Amino acid sequence: MREYTVPAVIEPPATGGLSDPVWANASSHPDTAVFSRRVEGGWLDISAAEFARQVSGVAKGLIAAGVKHGDRVALLSATRYEWTLIDYAIWSIGAVTVPVYETSSASQIQWILTDSEAVVAIVENAAHGAVVESARAEAPALQEVWQIESGAINELTVLGQEITDAELDKRRTAVVPSDLATLIYTSGTTGRPKGCKITHSNFMDELGTAVKILDGLFAEGASTLLFLPLAHVFARIIQVGCVMMRVKLGHTADVKNLVPDLGSFKPTFILSVPRVFEKVFNTASQSAHASGKGKIFDAAAETAIAYSTAVSDGGPGFGLRAKHALFDRLVYGKLRAVLGGNVQYAVSGGAPLGDRLGHFFRGIGVPVLEGYGLTETTAALAVNLPDDIRIGTVGRPLPGVTVGVASDGELCFKGGQVMAGYWKNDEATAAAIDGDGWFHTGDLGEFDADGFIRITGRKKEILVTAGGKNVAPAVLEDRIRLHPLVSQCMVVGDGKPFIAALVTIDPETIVAWAKTRDKPTDVPSLVHDEDLIAEIHTAIDDANDAVSKAEGIKKFTILPTDWTQENGELSLKLSLRRHIVMEKHKEDVEALYAK
Numbered sequence: 001m002r003e004y005t006v007p008a009v010i011e012p013p014a015t016g017g018l019s020d021p022v023w024a025n026a027s028s029h030p031d032t033a034v035f036s037r038r039v040e041g042g043w044l045d046i047s048a049a050e051f052a053r054q055v056s057g058v059a060k061g062l063i064a065a066g067v068k069h070g071d072r073v074a075l076l077s078a079t080r081y082e083w084t085l086i087d088y089a090i091w092s093i094g095a096v097t098v099p100v101y102e103t104s105s106a107s108q109i110q111w112i113l114t115d116s117e118a119v120v121a122i123v124e125n126a127a128h129g130a131v132v133e134s135a136r137a138e139a140p141a142l143q144e145v146w147q148i149e150s151g152a153i154n155e156l157t158v159l160g161q162e163i164t165d166a167e168l169d170k171r172r173t174a175v176v177p178s179d180l181a182t183l184i185y186t187s188g189t190t191g192r193p194k195g196c197k198i199t200h201s202n203f204m205d206e207l208g209t210a211v212k213i214l215d216g217l218f219a220e221g222a223s224t225l226l227f228l229p230l231a232h233v234f235a236r237i238i239q240v241g242c243v244m245m246r247v248k249l250g251h252t253a254d255v256k257n258l259v260p261d262l263g264s265f266k267p268t269f270i271l272s273v274p275r276v277f278e279k280v281f282n283t284a285s286q287s288a289h290a291s292g293k294g295k296i297f298d299a300a301a302e303t304a305i306a307y308s309t310a311v312s313d314g315g316p317g318f319g320l321r322a323k324h325a326l327f328d329r330l331v332y333g334k335l336r337a338v339l340g341g342n343v344q345y346a347v348s349g350g351a352p353l354g355d356r357l358g359h360f361f362r363g364i365g366v367p368v369l370e371g372y373g374l375t376e377t378t379a380a381l382a383v384n385l386p387d388d389i390r391i392g393t394v395g396r397p398l399p400g401v402t403v404g405v406a407s408d409g410e411l412c413f414k415g416g417q418v419m420a421g422y423w424k425n426d427e428a429t430a431a432a433i434d435g436d437g438w439f440h441t442g443d444l445g446e447f448d449a450d451g452f453i454r455i456t457g458r459k460k461e462i463l464v465t466a467g468g469k470n471v472a473p474a475v476l477e478d479r480i481r482l483h484p485l486v487s488q489c490m491v492v493g494d495g496k497p498f499i500a501a502l503v504t505i506d507p508e509t510i511v512a513w514a515k516t517r518d519k520p521t522d523v524p525s526l527v528h529d530e531d532l533i534a535e536i537h538t539a540i541d542d543a544n545d546a547v548s549k550a551e552g553i554k555k556f557t558i559l560p561t562d563w564t565q566e567n568g569e570l571s572l573k574l575s576l577r578r579h580i581v582m583e584k585h586k587e588d589v590e591a592l593y594a595k
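Just so we're aligned, residue 1 is where the sequence shown starts under the UniProt record's numbering, counting upward by one.
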């Protein structure tokens with residue numbers, strides 16, 4: 001196995017747990033605003049001392065409710081301040097947080113409650129509470145259920161009034177790095193979700209390194225607005241880093257009003273998945289074209305990409321710099337304002353970003369630090385650094401991490417952030433972590449002489465055509481989704497004579513496009529429209545330019561409805577559930593190959 005190691009810059013944590021910074025911050029910086037809560041008319045700052053007081057109140061309530069060291073506590077809620085507050089209260093008593101996506105189905109919630117043997121559940125609202133109550137028969141360990149919107153924080157604080165500070169301190173200081181901090185269930189693109197056992201040490205090892213090499217993000221005066229689900233390890237690791245470094249943290253789950261929230265919060269960095277960056281680009285492009293400024297935007301976009309590409313190749317010349325400066329006044333400043341106006345960096349993970357988007361955002365003045373990791377690795381294994389970005393890669397391994405490429409091209413890793421295993425599933429653990437300690441990611445990739453890693457596909461998603469050609473669909477799909485009118489795309493062709501694609505249309509951006517052409521604005525009426533087909537054909541042609549002729553898409557079909565989480569086609573982290581899509585659209589796929 002080819003290997004590349006980045007030497008460690010910290011010693012593995014020997015003592016303590018994740019809640020320790022809450023009390024340390026309250027002691028050393030009691031008046032520093034470490035959170036801002038969304039309230040009527042703006043944002044309300046919460047000091048380090050106040051946060052510690054609130055965490056203490058909820059933690060004491062959990063002790064009074066009988067939650068013991070190592071007990072699992074389910075947390076079912078959208079991203080909000082109380083999510084973080086409860087998470088730290090759970091950690092403060094040595095219990096284990098079991099996050100559950102608020103969009104999870106009843107059967108998924110039942111499985112997680114049953115499998116984790118959660119003794120307590122804290123949910124956001126009555127609807128969640130009803131689902132949890134319906135699972136009681138299958139989850140005999142479950143005792144109490146509290147609802148955030150019905151006063152759970154106050155109820156727990158009142159319940160714990162008789163618990164002394166000394167008793168809480170005894171519980172908190174009994175936590176050691178090897179203790180289990182959370183059970184995060186994988187989103188389950190296939191089969192039942194598995195619980196990843198993430199320890200306090202996993203988080204501490206990851207963040208102890210990350211805050212050193214990403215000091216530009218976790219600097220004094222920094223802030224971020226979380227809008228990704230905290231049930232996902234990506235948002236969770238940022239939460240922990242912000243608390244460790246006293247970076248002001250805000251929460252919102254109202255993605256429809258994200259732009260106004262970013263405008264009022266004004267974060268210095270944001271984190272998101274590639275789909276959101278695609279939406280920012282596509283919406284801006286479509287809006288410009290609808291207002292008659294499409295040519296200006298297109299020229300600005302190409303200039304941004306050319307400028308960023310030149311930065312990687314020795315620096316832009318005078319002409320390109322002048323052109324870039326002009327578009328910075330006309331276009332780029334407005335795009336940065338959409339993100340709040342103060343964003344210095346964006347962090348992307350969860351799926352490949354793609355070269356064009358990476359260059360575009362760096363070109364407009366918002367470098368995207370693309371990284372790579374999984375739930376099983378407590379988020380990042382590798383990341384591009386602010387002063388060391390190589391677009392098209394996911395960066396170099398974090399200090400203390402070793403990357404290896406197996407004989408079949410699979411990426412494997414060793415590092416302190418690799419999980420302790422899967423909950424009650426030794427067979428799955430043995431399949432993921434081999435006898436030599438390598439975690440097998442299931443992703444295909446490579447690294448260059450400097451250790452920069454490039455993801456080339458998923459081991460289980462490689463398509464093999466009837467002619468024996470291996471094709472990685474992600475390369476094509478990522479480029480097709482860059483078209484403003486495209487929402488989703490799935491490349492097909494396994495065992496078929498050629499590669500083809502299913503394409504869905506963005507129901508929002510299609511409206512402006514259709515109105516300017518006096519066409520119906522509903523997608524089902526447009527799937528056979530020649531102009532729309534020609535538009536999507538440009539996206540197909542662009543994608544085909546990135547691969548060999550044998551790997552290119554020969555035919556495609558536009559579907560009348562988009563794919564969603566609610567209908568099961570997308571996972572909770574917005575990844576395609578290919579087997580579900582194939583099952584639902586078997587006839588559409590077969591029609592592509594009919595003579």
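Beta carbons are placed, not taken as given, at the ideal position from N, Cα and C, and that holds for glycine.
Since we're looking at a predicted model, the values are computed, not measured.
Nearest neighbour of residue i, chosen from the options [CA to CA]
i	options	result
GLY442	GLY409, GLY468, VAL471	GLY409
GLN147	ARG479, ILE122, THR164	ILE122
ILE540	ILE558, VAL523, ALA428	ILE558
THR504	GLY493, VAL523, VAL511	VAL523
GLY552	LEU463, PHE227, ALA126	LEU463
LEU30	ILE480, GLY41, ARG53	Sequence check: residue 30 is Pro here, not Leu. Minimum Cα distance to PRO30 is reached at ARG53.
PHE227	VAL273, VAL211, ALA534, GLU530	VAL273
GLY350	PHE35, ARG329, SER571, PHE361	SER571
VAL280	THR97, VAL338, GLN239	VAL338
Start-to-end residues for the beta strand (DSSP E) that takes in residue i
i	result
TYR332	No beta strand (DSSP E) holds TYR332; DSSP gives it neither H nor E.
ARG2	2 to 5
ARG37	33 to 39
ILE213	That residue, ILE213, is in no beta strand (DSSP E); its alpha helix (DSSP H) goes 200 to 213.
TYR185	180 to 185
MET419	No beta strand (DSSP E) holds MET419; DSSP gives it neither H nor E.
LEU44	42 to 47
SER348	345 to 348
CA-to-CA distance, residue j to residue i, given in whole angstroms
i	j	result
TYR88	THR5	33 Å
ALA514	ARG336	28 Å
VAL9	LEU85	30 Å
VAL527	ALA288	24 Å
VAL243	LEU482	35 Å
LYS170	ALA118	23 Å
CYS196	TRP423	6 Å
LEU353	GLY400	25 Å
GLY70	VAL366	42 Å
residue 607	ASP261	Only positions 1 to 595 of the chain appear in this structure, which leaves residue 607 out of reach.
GLU569	THR164	49 Å
ALA428	TYR593	37 Å
GLY294	GLN286	8 Å
THR157	GLY404	49 Å
Run of the alpha helix (DSSP H) containing residue i, from where it starts to where it stops
i	result
PHE227	Note, PHE227: premise wrong, no alpha helix (DSSP H); not H, not E.
THR173	165 to 173
GLU82	81 to 92
PHE439	PHE439 -> not in any alpha helix (DSSP H); beta strand (DSSP E) instead, spanning 439 to 447.
THR509	509 to 515
ALA301	294 to 312
ARG136	That residue, ARG136, is in no alpha helix (DSSP H); it is neither H nor E in DSSP.
TRP23	20 to 28
PHE234	233 to 245
Exposure label - residue i; buried when at least 16 CB within 10 Å
i	result
THR538	exposed
PHE318	exposed
GLU138	exposed
PRO397	buried
ALA430	exposed
GLY467	exposed
ARG2	exposed
LYS256	exposed
Beta-carbon proximity of residue i to residue j, cut-off 9 Å
i	j	result
GLN565	THR114	no
ILE46	TYR81	yes
GLY358	VAL347	no
ASP179	GLY66	no
GLY241	LEU217	yes
ILE305	VAL394	no
PRO233	ALA379	As written in the sequence, residue 233 is Val, which differs from the Pro given in the question. Yes, they are a contact pair.
PRO21	LEU230	no
Beta carbon proximity, residue i to chain C, threshold 9 Å
i	result
ALA420	This model lacks chain C altogether; it includes just one protein chain.
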